[in-house]
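To keep things clear, I will list the structure first and then write my remarks on it.
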C-alpha cells in the first residue's frame, strides 16, 4: 500500500487526468479516436496496479509491508488456521491479493455502471471517457480499504475466484492472439499483392517456420526435462495430446474447404496458436507439486535435476521465489494482449462478436474538427452514432486481467494450513491445461464455423 501511495504523486502530475478522453493525450496523438484513448487510459490503471503488485513482491519489501498497522505482525495468528503466521513469506502474497482485489472491484464498479451504453451521447459515456483524476482517487481509496480486509476465508475464496477468472482470461488471450495473427497475415498478404511479393511471402514463411520450430523444440525439451521414464505420466499425456491437437488444427487451417470459406486463414495463425499452446503446457507443468517432474530453471541451467521421487509440495520459509521463467513469459503475453485490446480495430467478424466490438470502420478525419475553439487539438469522438466496443464488457475483461495478474505474480501458490509456507497445488495444473484444450477447441471453431453455420455471414 505504501508503494501505491508513493505513486500518487506521479499520476497527480498529469493534469490531463482531470479531463475527458478527447483531450487526454491529445498532444501526442491528436488524430486518435476517443474510444481508443479511453481504453488506453483504463489499461494504464491496470498496468499501474500491476507495477505496484510487482514492487510489493520484490525482495526486501516485506519489511516495509509489515509496518502497515495490523496487516501482518510477528506472532499473529489467523482464525481457523493452525499456528502462527510467517510474515516474511505471506506478506507479499497478501499484498498482491489485496491490490488485485482493489483493481477487480474498481473495474466491476464501472462494468455495472456502463451496462447498455449505446452512444457517447449517453450521460454515462461522459463518466467512461472523463473524470480521470477522480477515478484515480477512487482506485486509491479502494486499495487502501482492501489492505484492511481480515485474513481467513478471504484468501482462500479469492484464490478460487482468481483461478476461474484466469481460466477465462487465458481464453481471451487466445482470441486476441487469433485476431492479431489474422490481421498480421491479411496485412502482409495485401503488401505482397501491392509490392514485392517474393519478399513478403518469404517473411510470412519465415515467421511461420520460426513459430513451428519453437513449438517443436519446446515439445522436445518438455519430454527431456519434465518427464521421467517411471514417473510423470500426467506430463507425458499433456505433451502428447497438445502436440497432436496442434497438428490437427494446423491441418484443418489449410484444408481447401476452410480456405475457400476463409481465405485469410492459414499456417501463420496456426503456428502462433501452437506456440501459445506449448506455453500453456509448460505453465501447467511448472505448477506440479512433484519436484521430480517439475525441475526449477536453476536446476535446468546447472544440469542438476532433482533425483528424489518424493514430492516437495511446499516452499520453505525464506525461500519463496515469486519470479520464474514461465511467470515472466506470462506477464509479457499479458502486457501485449492488454495493449492490443486497447488499440485493436478488427474486421474479423467472429472475433468481434466474441470480444463485443464493432467491425473496423475507416473514417476520414476532418482536420478542421481536430482543433477546438481554444486552439487545442483534440481526439475525435467516433461514437456519437454508436459505441465501437461494449463499455461494460471491456471492464469485465479488465476484471479478468486483474485476476490473471494476481495468479501469475503469486505463481498460483497457496499458503499451507499453518500459514508458514507456500505450496503449489494440482488444481492450478488442471486449470491451465484444460484452458489450453478449450483454447484449441475455440480456435478450431473459428476455422470450421463458416462451414457448419452456412446461413451466417463470416466475412
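Residue numbers (mature numbering (1 follows the signal peptide of the UniProt record, and there is no 0)): -16 to -1, 1 to 443. The C-beta atom is built at its ideal place from N, Cα and C for all residues, glycine as well.
By the Cβ-count criterion, residue 162 is buried, with 16 or more other Cβ atoms from all chains shown falling within 10 Å of its own Cβ.
A contact between stretches requires three or more CB pairs, one per stretch, nearer than 8 angstroms, and the stretch 142 to 158 meets this requirement with the stretch 385 to 398. The beta carbon of residue 191 is closer than 8 angstroms to those of 252 and 255 in its chain, skipping five residues each way along the sequence. In this structure, residue 84 sits away from residue 323, with a CB-CB distance that is not shorter than 9 angstroms.
According to DSSP, residue 212 shares a beta bridge with 215. In the DSSP assignment, residue 142 falls within the alpha helix (DSSP H) that extends over 137 to 178. With distances taken between CA atoms, residue 416 lies nearest to 157 out of 316, 157 and 121.
Here DSSP, grouped into helix, strand and coil, assigns residue 341 to strand.
The three-state secondary structure of residue 397, taken from DSSP, is coil.
Per DSSP, reduced to three states, the secondary structure at residue 117 is helical. Selection 206, 249 and 20 evaluated against residue 270 yields 206 as nearest (Cα-Cα). In this structure, DSSP gives residue 416 a helical state, which the three-state scheme calls helix. Separation of the CB atoms of residue 373 and residue 341 is rounded to 4 angstroms, and the pair is thereby assigned contact status at 8 angstroms. The beta carbon of residue 234 is closer than 6 angstroms to those of 254 in its chain, skipping five residues each way along the sequence. Between the stretch 21 to 38 and the stretch 85 to 105 there are three or more inter-stretch CB-CB distances shorter than 8 angstroms, so the stretches are counted as touching. Of the candidates 439, 238 and 38, the residue whose Cα lies closest to the Cα of residue 431 is 238. In the DSSP assignment, residue 33 falls within the alpha helix (DSSP H) that extends over 18 to 40.
Here the alpha carbons of residue 186 and residue 80 stand approximately 45 angstroms from one another.
When beta bridges are read from the DSSP output, residue 373 appears opposite 341. Residue 181 has its alpha-carbon roughly 50 angstroms from the corresponding atom of residue 40. Exclusion of the five residues before and after residue 379 leaves 26, 91, 92, 94, 95 and 98 as the residues of its chain whose Cβ lies within less than 8 angstroms of its Cβ.
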